[in-house]
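In what follows, a structure is listed as structure tokens, so that the remarks can point back to it.
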RNA sequence: GGGCCAUUAGCUCAGGUGGUAGAGCACCGGACUUUUAAUCCGGGUGUCCCGGGUUCGAGUCCCGGAUGGCUCACCA
């Protein structure tokens, strides 16, 4: 990434060619070009022609106009081969002196890897069997001034791949495939939900109060209003206002922003899908979760048995439902009796050498023990249910045990994939929960909720019993594209700013 | 933020114990009208991440810093 364009000799030679084109009266950053085919369509149509008319008859019959980037070039004296890449793939070009003429062929040889051209020609099949465009004419549509990464090894440097994703996408076809799959996943989600009567909505990203999740927000400022705002950490509380409004079935796919660490599983901005359904509960949400995830997997992978990082995951519903306390006993040997109250829970944690704040509640202990001992073991899809009320400030209490909630999270490959519950619609209980969160905040928990009076007002008008669900789309895409890092499924993952090369920091 | 590792040509990478920087691709010049990682002949194009230090001499050793990867902590 040399900011000074003309220092690099490779760039120098391309700039020289640029001048040559200009001298010939050809502006090297051209106009629109009318294509007749994409590379893949041209190949397909030619194959059909061969099948119907026979290979000899088909040759040089099909006229095409294609456009794309030159990604390989093999000169053979008075004839040259190249590959042209467009969004559908690559097709070979064959340019000869015979068709192009003296000047045309000279120009053809002046092309550099990376140049973007439009070609017109006729298809034929070479001796080696590759469908190829015999180029009759071409025009330079955009001159490339920088050399592309290596053609055989591609671009490996992870930092360059993320920082200059366009290069990654040009030279690494499997990367392009990941993002095509990502797009298909999101399209499938929309299709699935709209077919079931859900309304897609868009709620604000700038929140006066960051709510709907336990997370640290980014802060920003509105100048004209002279008002601090937060980038949303979840759309939840706005979507539930829409349930109060009577929209009944809504969903939103969008970005959340969390001011927290970056890791293989975390990007500061990430995509979530949240849905809310009036008159439903968390059992309905589990059903919709497994059905949605299975349907999308089937659509993009063609199977419910997918490979992830060498492990087979079977997404076929129904997935088992296991209450959290039961999971703790089954996977960690911790019985519910050992977690009877705050005191007992803390001493159990101490015995298991799990560090917790001295005033940790029973719910926090349960959550901590679960994450530590159970989560990594949940490889095949499973719903963990009945989360402690202390860590679920927006979920409805269980009828049978008010210390727990009607909440679930599906786990796959040891990862939390989603979060859903029967929504708390009792405004009085909700106020108490917020107050408990405020108390936690005062004790230094920066991720605890803020008081949201406006949301409470909405609840006070009456919200129907509602099931809600949030899915982390990026992690889902990781699973379905067998990607190890969240950065491999985000086009431009967050990267630190490069240090300016001038030595601005004081020596010693 | 802590720990470990990495950073050498446009790209992919080599460079025991300190002694004038290398290969493949790409690029430049030449040959070649069905090649495909084309081939053949000739050419190395460099801020060895940055800044100090040790040394007669540093890509290599020491210190500090930057960026990235993995990992731990926090989170989805």
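Numbering (our numbering), first residue to last: 783 to 1290.
Cβ atoms here follow ideal geometry from the backbone N, Cα and C, with glycine treated the same way.
Residue i to residue j span [Cα, whole Å]
i	j	result
residue 1187	residue 1066	15 Å
residue 1222	residue 1230	6 Å
residue 929	residue 896	7 Å
residue 1278	residue 1256	20 Å
residue 1051	residue 1259	15 Å
residue 932	residue 1272	23 Å
residue 793	residue 808	19 Å
residue 814	residue 838	34 Å
residue 1234	residue 1224	16 Å
residue 1061	residue 1247	5 Å
residue 980	residue 1054	16 Å
residue 922	residue 1237	58 Å
residue 1093	residue 835	47 Å
residue 745	residue 819	Limits of the chain in this structure are 783 at one end and 1290 at the other, which puts residue 745 out of reach.
residue 1011	residue 1276	21 Å
residue 1084	residue 1078	9 Å
residue 1177	residue 1103	18 Å
residue 1165	residue 1192	4 Å
residue 1161	residue 905	50 Å
residue 1088	residue 968	18 Å
residue 855	residue 934	13 Å
Contact check, residue i vs residue j, beta carbons under 8 Å
i	j	result
residue 1035	residue 971	yes
residue 1170	residue 1185	yes
residue 827	residue 840	no
residue 925	residue 810	yes
residue 1022	residue 1199	no
residue 867	residue 912	no
residue 1064	residue 1274	no
residue 851	residue 898	yes
residue 975	residue 1029	no
residue 901	residue 920	yes
residue 1151	residue 1131	yes
residue 1115	residue 1157	no
residue 947	residue 1228	no
residue 844	residue 821	no
residue 1071	residue 1262	no
Residue i classed as buried or exposed, judged by whether at least 16 other C-beta atoms fall within 10 angstroms
i	result
residue 1141	exposed
residue 977	exposed
residue 916	buried
residue 910	exposed
residue 1101	buried
residue 1059	buried
residue 993	buried
residue 1180	buried
residue 1201	buried
residue 806	exposed
residue 1049	buried
residue 1137	exposed
Residues of its chain near residue i, where Cβ-Cβ distance is below 7 Å and the 5 sequence neighbours each way are ignored
i	result
residue 1024	983 and 1032
residue 1008	none
residue 1267	1046
residue 1076	1086, 1097, 1098 and 1099
Own chain partners of residue i with C-beta closer than 6 Å, once the 5 adjacent residues on each side are dropped
i	result
residue 1081	970
residue 950	937, 943 and 957
residue 1168	1105, 1106 and 1186
residue 886	none
Cutoff 8 Å; reference residue i; Cβ partners in own chain excluding five residues on either side
i	result
residue 1243	1026
residue 892	799, 802 and 803
residue 823	870
residue 954	936, 937 and 943
residue 1211	1179
residue 1220	1230, 1231, 1232 and 1233
Taking one C-beta from the region 972-988 and one from the region 1009-1028 each time, how about it: are there three or more such pairs within less than 8 Å?
-> A contact exists between the region 972-988 and the region 1009-1028.
Can we say the region 1141-1160 touches the region 1121-1129, given the rule of at least three CB pairs closer than 8 Å?
-> Touching, per the Cβ criterion.
Counting pairs of Cβ atoms below 8 Å between the region 854-865 and the region 878-885, do you hit three or more?
-> Short answer: they touch.
Answer yes if the region 1110-1122 comes into contact with the region 1198-1217, meaning at least three C-beta pairs across the two stretches below 8 Å, and no otherwise.
-> Short answer: they don't touch.
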